[in-house]
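Shown next, in structure tokens, is the structure this report addresses.
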Amino acid sequence: PETILPVIQSRVTEEMCLGLPDRGDGTFKKEALKEILDFSRRKASVIAVGPGIGVTEETRHLMRSLVHEINIPLVIDADGINSLEGTPEVLKEAKKMPVITPHPGEFARLTGISKEEIEKKRIDLPAEFSLRYSVTTVLKGVPTVIGHNGYSYINQTGNPAMAKAGSGDVLTGIIAGFMAQGLSGLEASLLGVYIHGLSADKGARDKGPYSLLASHIIEYLPEAFKELTGSWIS
């Protein structure tokens, strides 16, 4: 959002920013859609949307339009999911199968199913939802379950220290990063969830479960990658 762009640029050192029209309070105007679509056609290979965007009538319009019109892979998290509250059928309109990464509360708002019922059916629901709405579903929690085309995949990395603000946003970025490198939504979700949890396991080992922060998960990603790939530098 243009209003908070100076603050963001003063705090980040590696990201490149594009200011988009907002309402003066840091939430997007629906007019931002045109600029997002234009940028996506020229330069973007994947879009991750949701963390921090808020939920307003304009973000609801923006999210529905993005899903319908965007022609590159899309990862939807947090308020991107909340902006689709009660309208999961919108996901079927996507040109490319999107990835959604809800925690149980966000999944409950999207589907209208209670959190209690979601937890009871944690293994089966992502598979059922993915098949019905043509989406890859990453249901975060214990365990995190990835649903795709009627199948559920259960992740075995991660620990309770990950229940901190921002951890899910890191996962969204990891999945989007893998998709930008050419992995499918399913491949990026499976690998992303695994390495996200592995990095958190390594961080919790050193920092302890109470002190681990979302930023530490990013800090330990190189160790997690090195474990998976081995070192090719002699």
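Numbering of the sequence shown is given in my numbering, commencing with residue 385 and proceeding in unit increments.
Each residue gets a CB set at the ideal place from its N, CA and C atoms; glycine is no exception.
Item to check | Runs of alpha helix (DSSP H) wholly within the region 430-454 (minimum 4 residues, chain order) | outcome: 441-453
Item to check | Close Cβ partners of G489 (< 8 angstroms) along its chain, the five nearest in sequence each way excluded | outcome: Here the question's residue 489 lines up with position 105 in the sequence shown. Answer for G489: K499, listed in chain order.
Checklist entry - Any chance the region 399-419 sits against the region 434-442, with 3 or more Cβ pairs inside 8 angstroms? => result yes
Next on the checklist: For a test of the three-state rule: what should DSSP assign to S618, helix, strand or coil?
Outcome noted: Numbered from 1 along the sequence shown, position 234 holds the residue referred to as residue 618. Confidence at S618 is low in this model, with a pLDDT of 49, below 50, so the placement of that residue should be treated as unreliable; the coordinate-derived value is given next. The answer is coil: DSSP assigns S618 none of H, G, I, E or B.
Next on the checklist: Less than 7 angstroms between C-beta atoms, sequence neighbours within five positions excluded: which residues of the same chain meet that for M481?
Outcome noted: As a first step, residue 481 is located in the sequence shown; it is residue number 97 there, counting from the start. Cβ neighbours of M481 beyond the five flanking positions: S518, V519, T520 and G569.
Checklist entry - To the nearest angstrom, how far is it from the Cα of L417 to the Cα of L555? => result By one-based count along the sequence shown, residue 417 stands at place 33. By one-based count along the sequence shown, residue 555 stands at place 171. Cα-Cα distance, rounded: 24 angstroms.
Checklist entry - If you drop the 5 nearest sequence neighbours on each side, which residues of the same chain put their C-beta closer than 6 angstroms to that of I538? => result As a first step, residue 538 must be located in the sequence shown, where it is residue number 154. So the qualifying residues of the chain are P527 and V529.
Next on the checklist: Output needed for E477: all residues of its chain with C-beta closer than 8 angstroms, excluding positions within five of it in sequence on either side, in chain order.
Outcome noted: In the sequence shown, residue 477 corresponds to position 93, counting from 1. Around E477: V451 and H452.
Checklist entry - First and last residue of the beta strand (DSSP E) that includes T520? => result Looking up residue 520 in the sequence shown gives position 136. Residues T520 to L523.
Next on the checklist: Less than 8 angstroms between the beta carbons of I559 and V459, yes or no?
Outcome noted: As a position in the sequence shown, residue 559 is number 175, starting the count at 1. As a position in the sequence shown, residue 459 is number 75, starting the count at 1. Cβ atoms of I559 and V459: closer than 8 angstroms.
Item to check | Option in L468, L597, L509 and L567 with minimal Cα separation from A547 | outcome: Here residue 547 refers to the residue found at position 163 of the sequence shown. Of L468, L597, L509 and L567, the residue nearest in Cα terms is L597.
Checklist entry - If you draw a straight line from the alpha carbon of I602 to that of G550, how long is it in whole angstroms? => result Start at 1 with the first residue of the sequence shown, and residue 602 comes out as number 218. Start at 1 with the first residue of the sequence shown, and residue 550 comes out as number 166. Near 11 angstroms, if we compare the C-alpha coordinates of G550 and I602.
Next on the checklist: Counting C-beta neighbours from all protein chains within 10 Å, is the total for G496 16 or more, i.e. buried, or is it exposed?
Outcome noted: One-based indexing of the sequence shown puts residue 496 at position 112. So G496 counts as exposed.
Item to check | Opening and closing residue of the beta strand (DSSP E) in which I460 lies | outcome: Taking the sequence shown and counting its residues from 1, one reaches residue 460 at position 76. Start and end: L458 to I460.
Checklist entry - beta strand (DSSP E) containing I601: first to last residue? => result Along the sequence shown, read from residue 1 onward, the residue named residue 601 stands at position 217. First-last for I601: A598 to E603, but that is the alpha helix (DSSP H), not the beta strand (DSSP E).
Checklist entry - Taking the DSSP output, what are the residues bridged to I579? => result On the sequence shown, position 195 is the one that residue 579 refers to. DSSP lists no partner for I579.
Checklist entry - Which of the three DSSP states, helix, strand or coil, is assigned to I497? => result Residue 497 sits at position 113 when you count from the first residue of the sequence shown. Coil.
Next on the checklist: On the criterion of 16 or more Cβ atoms from any shown chain inside 10 Å, does V483 qualify as buried, or is it exposed?
Outcome noted: Numbered from its first residue, the sequence shown carries residue 483 at position 99. So V483 counts as buried.
Checklist entry - What is the DSSP secondary structure of G403, reduced to helix, strand or coil? => result By one-based count along the sequence shown, residue 403 stands at place 19. Note: G403 maps to coil in three-state DSSP.
Next on the checklist: Given a cut-off of 8 angstroms on the beta-carbon distance, is the pair L494 and E469 in contact?
Outcome noted: Reading the sequence shown from its first residue, position 110 is the one you call residue 494. Reading the sequence shown from its first residue, position 85 is the one you call residue 469. Result yes, Cβ atoms of L494 and E469 sit closer than 8 angstroms.
Item to check | Length of the line joining the Cα atoms of M447 and K505 | outcome: In the sequence shown, the residue the question calls residue 447 occupies position 63. In the sequence shown, the residue the question calls residue 505 occupies position 121. Each residue's Cα considered, the two are about 27 angstroms apart.
Checklist entry - How long is the line joining the alpha carbons of E386 and T471, rounded to whole angstroms? => result Numbered from 1 along the sequence shown, position 2 holds the residue referred to as residue 386. Numbered from 1 along the sequence shown, position 87 holds the residue referred to as residue 471. Cα to Cα, E386 sits roughly 29 angstroms from T471.
Checklist entry - Between which two residues does the beta strand (DSSP E) harbouring I538 extend? => result Indexing the sequence shown from 1 puts residue 538 at position 154. Counting along the chain, the beta strand (DSSP E) containing I538 begins and ends at Y535 to I538.
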